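Undergrad: Residue numbers (the numbering used here), protein chains in the order written: chain P, 12 to 205; chain L, 12 to 205. Dropping the structure in here first, questions after.
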DNA sequence: CTATTAATTAAACAGTGTTTAATTTAATTC
DNA sequence: GAATTAAATTAAACACTGTTTAATTAATAG
């Protein structure tokens, strides 16, 4: 059985994801297309469909990468076990910075939707869960004696709140009366909650 | 100068928005198209472009309607001046219910993005601001003596947090370990903040 | 060296938003 | 009332999109 040895499937997969990442970074989510990706890696769309089920799956993997990168910049902050409040402040600040500096890709993570009916493979919400879990360590220190369920809930509520502030602040929604910057909003949130 | 008297521009505008609303409600945001709208109102795409600048503008008006409807179900709750905490609980609960019962349209409000560079007309963030403002009345009662700036900030932080919880809970992000339901998360948020 | 089999492509399909030129239709002017 | 004029409306085109198909290329197996 003859296969063309230029690149392995794994290689093409990575090349495609790299190319897609660049396109999204430079042109934004809505300018991403299969033909652009294919052209960038020197193949045709057909090859893309050998490696990915469809564009949605490709984007899912790309978003997985973004979540991984976010994890990698936030995870090290958990080590600072001395001051949990400071730790949480740094985590939210890092999250915000990541969102700002990787705006297109971060947007894509939350804008992209699978067609009705299709739902995401298990590893995807797992990545998000792991991100949520990072908040549990400092929160456990802060609310000692509370159940793990309660800690997990608090972590998810806090992350979601920070996310909500970022999401609204970074889009059209809040450019009004000096509330366009998310930082003071997050400060206000943390002051109330910690 | 001769115009065809079947419908006025205003009428066509409304018919188009009605039709679009139905399509989004029944088929979802991503199945909305100019040709479908045109067909539904018995006209051609060209007519649509006489009345709207483009599809983005049409969607913007449609989202404006959705925001108006949300305002109309939340505004009456502000009247209950006796118990601000209860008032806020009811407002968030109503928000959540609205999001659940008008999922496609509510999604569209937050999924739709104008092309880079183009930004929304002033009346749009105004509508969002008015929605935020509804929270200020009960919050003012709750935090007496604080500056108007502080109240406004708190209102925006609270709304954004509730939105973040809704947004993550209603999409692929949290279907995990019993956190798929936003209600207990919002309860937790309010317990901490009020 | 031929047959097989898989990788790759070119082309097609059905859809999209938008623009253009052509065509109706109605009101205005002579 | 008929000819003119201008606006409303359409049909068709353009340049895209994601995806599928059949054809082609290249490498391996016998």
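Don't be surprised by glycine CBs; every beta carbon is placed ideally from N, CA and C. Keep in mind the model is a prediction, meaning the values are calculated, not measured.
Let me make sure I understand the geometry here. Which of P:178, P:123, P:99 has the alpha-carbon closest to that of residue 35 of chain P?
TA: When each option's Cα is compared against that of residue 35 of chain P, the closest is P:123.
Undergrad: By Cβ distance below 6 angstroms, which residues in the same chain neighbour residue 66 of chain P in space, the five residues on each side in sequence not counted?
TA: 45
Undergrad: Should residue 13 of chain L go down as buried or exposed, given a rule of 16 or more other Cβ atoms within 10 Å for buried?
TA: With a pLDDT of only 42 at residue 13 of chain L, under 50, the local geometry of the prediction cannot be trusted, and the value read off the model is given with reservation. An exposed status is given to residue 13 of chain L, since fewer than 16 other beta-carbon atoms sit within 10 Å of its beta-carbon.
Undergrad: Buried or exposed for residue 193 of chain P, please, with buried defined as at least 16 other CB atoms from any protein chain shown within 10 angstroms of its CB.
TA: The residue in question, residue 193 of chain P, is buried, as its Cβ has 16 or more Cβ neighbours within 10 Å.
Undergrad: Distance check for residue 148 of chain L and residue 132 of chain P, CA to CA, integer angstroms please.
TA: 44 angstroms
Undergrad: How should residue 136 of chain L be labelled, buried or exposed, when 16 other C-beta atoms within 10 angstroms of its C-beta is the threshold for buried?
TA: buried
Undergrad: Can you tell which of L:21, L:105, L:38, L:17 has the C-alpha that lies nearest to the C-alpha of residue 53 of chain L?
TA: Ranking L:21, L:105, L:38, L:17 by Cα distance to residue 53 of chain L puts L:17 first.
Undergrad: Does DSSP classify residue 45 of chain L as helix, strand or coil?
TA: DSSP, read as helix, strand or coil, puts residue 45 of chain L in helix.
Undergrad: With 7 angstroms as the threshold, decide whether the Cβ of residue 145 of chain P is near any Cβ in chain L.
TA: no
Undergrad: Is there a Cβ from chain L that is less than 7 angstroms from the Cβ of residue 35 of chain P?
TA: no
Undergrad: In the structure shown, what three-state DSSP assignment does residue 92 of chain L receive?
TA: coil
Undergrad: Taking only beta-carbon positions, decide if residue 101 of chain P is within less than 7 angstroms of chain L.
TA: no
Undergrad: By the DSSP assignment, the alpha helix (DSSP H) with residue 71 of chain L in it spans what residues?
TA: 66-85
Undergrad: In or out: residue 158 of chain P buried (at least 16 other Cβ within 10 Å) or exposed?
TA: exposed
Undergrad: Roughly how many whole angstroms lie between the Cα atoms of residue 61 of chain P and residue 69 of chain P?
TA: 12 angstroms
Undergrad: Is the beta carbon of residue 176 of chain L sitting closer than 7 angstroms to the one on residue 162 of chain L?
TA: For the pair residue 176 of chain L and residue 162 of chain L, the CB atoms are not nearer than the 7 angstroms cut-off.
Undergrad: Determine whether the Cβ of residue 39 of chain L lies closer than 7 angstroms to any Cβ atom of chain P.
TA: yes
Undergrad: Secondary structure at residue 55 of chain P, three-state DSSP: helix, strand or coil?
TA: coil
Undergrad: With DSSP as the reference, label residue 146 of chain L as helix, strand or coil.
TA: helix
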